[in-house]
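Note sheet for the following structure.
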Amino acid sequence: MARHWLTIASPTTEAITNPLLAACEDGYVPDSIRILSNPTVQDNVSPIVPFLEDLVDDIVETHHEHLRSELPSLERTVRKVTRVHGDTHPELEAIESEFLSLEADVTEHIADEEETVFPEIVTLDDETPRTDTEAARIRDAINHLESEHDAAASHLEGIRDLSDDYTTPSDACTSYRNMLDRLQLHEEDMHVHIHKGNNVLCPDADALLTSA
1 MARHWLTIAS PTTEAITNPL LAACEDGYVP DSIRILSNPT VQDNVSPIVP FLEDLVDDIV
61 ETHHEHLRSE LPSLERTVRK VTRVHGDTHP ELEAIESEFL SLEADVTEHI ADEEETVFPE
121 IVTLDDETPR TDTEAARIRD AINHLESEHD AAASHLEGIR DLSDDYTTPS DACTSYRNML
181 DRLQLHEEDM HVHIHKGNNV LCPDADALLT SA
């Protein structure tokens with residue numbers, strides 16, 4: 001994924017370059033820079049095109065495709081382990097229930113993102129001024145995306161708590177261990193997915209919407 005640097009309302013060139021240089025020293029070297037609502041400096045920096053589309057493509061290709069492949073297989077493993085070990089580990093039924101709720105929500109969520117939310121956000125790349133009605137519709141889409149991410153995070157926390165931070169029981173078989181490992185990896189991937197949406201895509205989209 002290409003790295004981008006977005007700045008808004010910076011009154012001087014130094015206000016842009018100083019934090020940018022600090023980020024580069026920390027290892028974040030952007031491929032391109034976008035300057036928003038900085039009339040005294042924005043003409044000196046070339047805009048990036050596309051911007052939000054790159055982020056959307058990364059989320060779909062890196063996370064959505066993985067989820068479509070992993071969730072059905074992981075569901076089968078969770079069901080199997082619960083069926084075999086549920087009598088001696090009653091917490092497995094709660095883990096299964098939490099996971100199935102998460103799977104249903106996430107499956108619907110990624111379809112909604114790709115069909116409704118992302119197309120709205122990508123239109124901001126052209127920086128065309130929006131009517132109040134259009135801006136409100138896009139902001140509603142962004143808020144909806146963030147609320148669904150928060151709901152997914154709650155399910156993930158529930159699974160972690162029920163599994164005692166994915167602790168492997170002494171009598172766990174290979175399938176049991178595999179399930180816990182995959183659930184932990186699933187949580188880690190989902191948190192990266194949520195971070196890209198809530199902390200990168202949505203704020204950048206809102207900044208573009210504000211400046212349009």
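The numbering of the sequence shown is my numbering, which starts it at 1 and goes up by one.
Quick reminder that beta carbons are idealized off the backbone N, C-alpha and C, glycines included.
Being a predicted model, the structure only gives us computed values, none of them experimental.
- Range of the contiguous alpha helix (DSSP H) that encloses L74: Locating residue 74 in the sequence shown gives position 74, where the first residue counts as 1. Per DSSP, L74 belongs to the alpha helix (DSSP H) from E65 to H85.
- Message: Let's see if you can read the secondary structure: which residues bound the alpha helix (DSSP H) around T131?
- Response: Taking the first residue of the sequence shown as position 1, residue 131 is located at position 131. Element bounds for T131: n/a, residue is neither H nor E.
- Does DSSP classify T62 as helix, strand or coil? In the sequence shown, the residue the question calls residue 62 occupies position 62. Three-state result, T62: helix.
- Item | Minimum C-alpha distance to S154 - residue among F118, I95 and D87 | Numbered from 1 along the sequence shown, position 154 holds the residue referred to as residue 154. It is I95.
- Query: For D165, which of helix, strand or coil comes out of DSSP?
  - Reply: Within the sequence shown, numbered from 1, the residue matching residue 165 stands at position 165. Three-state result, D165: coil.
- A104 to L208 span [Cα, whole Å]: Within the sequence shown, residue 104 is the residue found at index 104, counting from 1. Within the sequence shown, residue 208 is the residue found at index 208, counting from 1. Between A104 and L208, the C-alpha separation is close to 32 Å.
- Message: On the CB-based measure, 16 or more other CB atoms within 10 Å of its CB, does T82 come out buried or exposed?
- Response: Indexing the sequence shown from 1 puts residue 82 at position 82. With 16 or more other Cβ atoms within 10 Å, it is buried.
- Item | C-alpha distance - T133 paired with E65, whole-angstrom precision | Locating residue 133 in the sequence shown gives position 133, counting from the first residue. Locating residue 65 in the sequence shown gives position 65, counting from the first residue. Distance between the alpha carbons of T133 and E65 is about 33 Å.
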